[in-house]
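**Q** Here it is, the structure, as structure tokens.
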Amino acid sequence: MAPSRATPAGWSASRHCWGSRSRPLWAAVNGLPSKQRQAVVYHYVAGLAYAEIAEIVGGTVDAARRAAADGLKNLRKNYPGAFTKGASS
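Numbering (my numbering), first residue to last: 90 to 178.
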């Protein structure tokens, strides 16, 4: 049985994590589709492996990896402060 750690409805990372400077980023994360948001937060913030994410949200390891990749792609496209591959600093 999967642990009950799914992202609660109405949960806002901007209210729960870090300071006001990161609010635009968390607003962008909150705007992701549910599975992408969960995969991004569980993997990149909580440090969970894709196998653990798959167990929590349901689905396969490949689906969890794909959701995280799609979430990052959407963040890079929609978040103005995002770094992109090959961008000069």
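Every residue gets a Cβ at the ideal spot worked out from N, C-alpha and C, and that includes glycine.
With distance defined between alpha-carbon atoms, name the residue in R165, Y168, P169, A157 nearest to V130.
**A** The residue labelled residue 130 in the question sits at position 41 within the sequence shown. Among R165, Y168, P169, A157, the Cα nearest to that of V130 belongs to A157.
**Q** What is the DSSP secondary structure of G160, counted as helix, strand or coil?
**A** Working through the sequence shown from its first residue, we reach residue 160 at position 71. Helix, per DSSP.
**Q** Measuring CA to CA, which of K166, Y168, D159 is closest to P122?
**A** Position 33 of the sequence shown holds residue 122. Sorting K166, Y168, D159 by C-alpha distance to the C-alpha of P122 places D159 at the top.
**Q** For P169, does the three-state DSSP call read helix, strand or coil?
**A** For the purposes of this step, residue 169 is taken as residue 80 along the sequence shown, with counting starting at 1. Three-state DSSP puts P169 in coil, outside helix and strand.
**Q** Specify, as a first and last residue, the run of the alpha helix (DSSP H) that L114 falls within.
**A** Working through the sequence shown from its first residue, we reach residue 114 at position 25. Run containing L114: 112-119, per the alpha helix (DSSP H) assignment.
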